[in-house]
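There are 2 protein chains.
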Amino acid sequence: MRIAVVAPSCSLKPEAADAVQAIAAQRGDCELAIHPQCFQTDGHFAGPDEARLAALREVMADPAVDAVWFARGGYGSNRIAEAALADLPEAAGAKVYMGYSDAGFLLAGLHKAGLAAAWGPMPQDVLRDGGDRAVHRALDWLVRRDPSALEPDIQAPAMAFNLTVLSNLLGTPLEPDLSGVDLMIEEVSEHLYGIDRTMFHITSSANLRRAARLRLGRVSDVLSNDVEFGADEQAIVADWCRRSGIQFGGAADIGHDARNRVVPFRTEKR
Amino acid sequence: MRIAVVAPSCSLKPEAADAVQAIAAQRGDCELAIHPQCFQTDGHFAGPDEARLAALREVMADPAVDAVWFARGGYGSNRIAEAALADLPEAAGAKVYMGYSDAGFLLAGLHKAGLAAAWGPMPQDVLRDGGDRAVHRALDWLVRRDPSALEPDIQAPAMAFNLTVLSNLLGTPLEPDLSGVDLMIEEVSEHLYGIDRTMFHITSSANLRRAARLRLGRVSDVLSNDVEFGADEQAIVADWCRRSGIQFGGAADIGHDARNRVVPFRTEKR
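Residue numbers (our numbering), protein chains in the order written: chain A, 959 to 1228; chain B, 959 to 1228.
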C-alpha cells in the first residue's frame, strides 16, 4: 500500500518523518511517500497556501496513491480546503484520507464531497511519549482496516472533531451533515470557560442537534483560569447536551495524545 | 437619569464600583444603582445563572430604570441571554443597554428583540489606566447622547463585537441581521492563528457577507506563537474580506482599552 504524506497545516519535523519511515520499513506492509512540501515553512504554515494546496491536489490525483495521511495539525487546512475539493479528479475518490485536529476541516469537506475520511493519529504523533504505538495504530487501520485501531464504541455513522475546529466549521461550506451521527469531540489547550462558550455555540446548531449522540474525548492541557471555573469538562458538555436536547453518550477514546483511536467517517462496504 | 448596573458575566470588583459611584456623584447628572448581584461569585461567574438572570430581568422590568449598564465582561452572558429575552416586559423596551466584550451576546439578542443596545465602556473599565475617561465617555453617551463619545466613522446602522463573541453568536438564536451594517470587530488575548481561523469562520457566513463593511478595532495582548504567524491582524482581516467579497473598511476606534468608543446598534430618532 502506498501512503502519501502531505502537510496542509504546519510543517512536519524531519525527526518525525525519519521515525515514521523507520516504522514503515520495519513493518514492510506499506510504502510512505512523504511529500517534500511537508518540510516547507512560511510563517505559521508548511509553505504558502499555494504550495500546500498543490501538494494535496497532486497526491489526491495520483492513482498510485492508496491513502493520504495528513502529517500533523496546527492550523491552516481550512485556508485551502474549498480549493482542494473543487473539480475532484476521479483518483481522489479511490483513496482514504486520515488525520485529526486542524485536519478536521479537510476531513469534513472530504466527507461532504463523498470521499472516505477518517480521524486518526498522524506522523508527527510519533514524537509523543508512546507515539510509535499511535503510528502503528494508524497504519494498522490504513493498511488492513484492523478493527482494534478503532474507537471501541462507534455506532456508525460516526465522526470526530476537535471542538474548536467543529465550532469554526459550522456555517462554512465544509460543514457536513451530522444527522444520526455518533459525534465525538475532544479539546486541547483551551480554558474551561472557552469550552463552555464553544459548547453553547455548537449545541445551538440545528444540524448538530440531529446527531445521534455526542461523546467527549479527552480534554488535555486545560489552560488555568484566575478563578476555578466551577465545573469540569464532562459536566460542561453534559449540561449543554441537556440544554439542547442532544443525547450525551459519555466518553470517547480520542484526544491529542498517543492513545488517540481511529474514527472512520464512512462505513465501508468491503 | 437612573442607570442600573448588573453583571451577567463575571463579578464587578468593589473598588471599581466605588470609583464609578464617585464619578457619578461628581457629575451629578445620573444615579447609579449597582445591583448587589454584581458582587456575587459562583466559580467563574457573578453568581449562578439563576441569580444573574433574575437581576437582569429585575432591572429590565423596572420602569424607573432608564439604562442598563453591564458591569464587565469575562464570560457567561450567553448562558442567560435567551431566557432574559423571553416574554419581555413593556418597560424593557423603554431603556438602553450598554456594554461590550462578553456582553455582546446580550447586545445582539437585545437588538434582535427590538431593544436599544450599544457597545461601550463598562464600570470595571475604571480600573484601566485612564479608565475614568472611559467611564465618563460611557456616561456622556448614556445621559445626554454626547456625539463625541461615538466611534467617529460610524455609518449607521452599525454594530460592534468582540471577534470571538461574534463567531460564537453565529447560528445561535442571538444572531442579529447584519444586512447593511457597519460592522466593527476587535479582539484581545488570542493567537494570530486563532484570529485567522475565526475570520475564516465569520466571513463564511452569508449574513455577515451582507454587512456594508467590516472594520477592525484594536487587537491587544496578542498571545505569542512558537513561530511568527507571518501576517499582522490588519492583513489577516483584509485578506479574509477580500476572499469573501466583504468590503474592508479599515480601522475602528474600539477595543479592550480605555479609548474604547460607543457604537449604538440602533439609530435613534430623537
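Don't be surprised by glycine CBs; every beta carbon is placed ideally from N, CA and C.
query	result
Note the first and the last residue of the continuous beta strand (DSSP E) segment covering glutamate 989 (chain A).	989-992
Going by C-alpha distance, which of A:Gln979, A:Val1054, A:Asp1083, A:Ala965 is nearest serine 1035 (chain A)?	A:Ala965
Would you say valine 1185 (chain B) faces chain A, with C-beta separation under 8 Å as the test?	yes
Kindly list, in the order they appear in chain B, the residues whose Cβ is closer than 7 Å to that of histidine 1002 (chain A).	Tyr1151, Asn1183, Val1185, Phe1187, Gly1188
Name, going along the chain, the residues of the region 1130-1146 of chain B whose beta-carbon falls closer than 8 Å to a beta-carbon of chain A.	Thr1130, Pro1131
In chain order, what residues of the same chain lie with their CB nearer than 7 Å to the CB of alanine 909 (chain B), ignoring the 5 residues before and after it?	Given a span of 959 to 1228 for chain B in the structure shown, any question on residue 909 (chain B) remains unanswerable.
Roughly how many angstroms separate the alpha carbons of glutamine 984 (chain A) and alanine 977 (chain A), rounded to a whole number?	11 Å
What are the residues that DSSP puts in a beta bridge with tyrosine 1055 (chain B)?	B:Val1026, B:Ala1075
In chain B, what lies closer than 8 Å to tyrosine 1058 (chain A) by C-beta?	Those within 8 Å of tyrosine 1058 (chain A) in chain B number zero; the least Cβ separation is about 16 Å.
So with CB distances below 8 Å, who are the chain C contacts of asparagine 1036 (chain A)?	Within the model displayed, chain C is absent; protein chains A and B are what it includes.
Starting from the Cα of alanine 1039 (chain B), find the closest Cα among B:Val963, B:Ala1114, B:Arg1095, B:Pro1131 and give me that residue.	B:Pro1131
Tell me the residue span of the alpha helix (DSSP H) that contains methionine 1261 (chain B).	Lying outside 959 to 1228, the shown extent of chain B, residue 1261 (chain B) is not represented and no answer is given.
Please identify, using Cβ separations under 9 Å, the residues of the region 1108-1130 of chain B that lie next to chain A, in order along the chain.	Thr1122, Val1123, Ser1125, Asn1126, Leu1127, Leu1128, Gly1129, Thr1130
Should arginine 1228 (chain B) be flagged as near chain A, meaning a C-beta pair shorter than 8 Å?	Bear in mind that a pLDDT of 43 at arginine 1228 (chain B), under 50, signals an unreliable position, so the number given afterwards is only what the model happens to contain. No, its Cβ sits nowhere closer than 8 Å to a Cβ of chain A.
For serine 1202 (chain B), would you say it is in contact with chain A, using Cβ-to-Cβ distances shorter than 8 Å as the test?	no
Beta-carbon separation of histidine 1002 (chain A) and valine 1185 (chain B) under 8 Å?	yes
Below 8 Å on C-beta distance, what does serine 1163 (chain B) contact in chain A?	Gly1129
Hey, is tyrosine 1235 (chain A)'s beta-carbon within less than 8 Å of any beta-carbon in chain B?	Residue numbering for chain A in the displayed model covers 959 to 1228; residue 1235 (chain A) lies beyond these limits and cannot be assessed.
Mind pulling the alpha helix (DSSP H) runs of 4 or more residues that sit fully within the region 1179-1212 of chain A?	1191-1202
Tell me which residue opens and which closes the alpha helix (DSSP H) that phenylalanine 1223 (chain A) is part of.	Note, phenylalanine 1223 (chain A): premise wrong, no alpha helix (DSSP H); not H, not E.
Looking at C-beta atoms only, is the number of pairs between the region 1117-1132 of chain B and the region 1011-1027 of chain B that lie closer than 8 Å three or more?	no
Are there 16 or more other CB atoms within 10 angstroms of the CB of aspartate 987 (chain A), so buried, or fewer, so exposed?	exposed
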